[in-house]
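Per my numbering, the very first residue in the sequence shown carries number 21; after that it's consecutive.
Ideal Cβ placement from N, Cα and C applies to all residues, glycine included.
Computed from a predicted model, the values in this text were never measured in an experiment.
Here is the structure we will look at, set down as structure tokens.
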Amino acid sequence: MELDSLYQQVILDHYKNPQHKKLVNEYSAQVHHVNPSCGDEITLNLKLVGEKVESISWDGVGCSISQASTSIMTELVLGKDIKSAFAILAEFTELMQSKGLKSGDEDLLEDAVALAGVSKFPARIKCALLGWMAFKDAVLQSQDKLGE
Ligand code: ZN
């Protein structure tokens, strides 16, 4: 894979020093997502208070793309309201589906633009999206519980 070297560094930094990678036991939903094609796995704990992401933590194993992307995602959504977090998720998903044609909105995606190059490699897109899909699932499960 050829990624811009600056972007490679961002991904490597998150892979080596993942953010929020220590499961916090207080959560409103816990999800476990796997990407069998690559062997990536993550468990994600999410705590919503009202509409706000109060706490997000995770643990996982897998390739540098999946682990770095999850780390970047947690930094982006922590403290945000669901609407803003889902806007970031939508922008990132669109970037991953762009087949290398988009570079991503840096104001919205911050470090996640480093993963733009992944969109040229269909086999790796699931790696990059794993944590983000887990987050979305955890939000929906939390909201289901709150609605009961
Ligand atoms: Zn992977």
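| Query | Result |
| --- | --- |
| Boundaries of the beta strand (DSSP E) in which alanine 49 is found, first to last residue | 49 to 55 |
| Entirely enclosed alpha helix (DSSP H) segments - the region 81 to 168, minimum 4 residues | 84 to 97, 102 to 116, 126 to 129, 142 to 167 |
| Anticipated Cβ contact below 8 angstroms, histidine 53 with aspartate 157, distance rounded | 7 angstroms |
| CA nearest to the CA of alanine 107, picked from Gln39, Val51, Val30, Trp152 | Trp152 |
| DSSP three-state assignment for leucine 68, whether helix, strand or coil | strand |
| Serine 86 Cβ short of 7 angstroms to the ligand ZN heavy atom set | yes |
| Given 8 angstroms, three or more beta-carbon pairs between the region 55 to 63 and the region 114 to 129 | no |
| 8 angstroms contact criterion, which valine 44 and serine 75 should meet: CB distance rounded | 5 angstroms |
| Any non-hydrogen atom of the ligand ZN within 7 angstroms of glycine 70 CB | no |
| Beta carbon of valine 97 nearer than 8 angstroms to that of phenylalanine 155 | yes |
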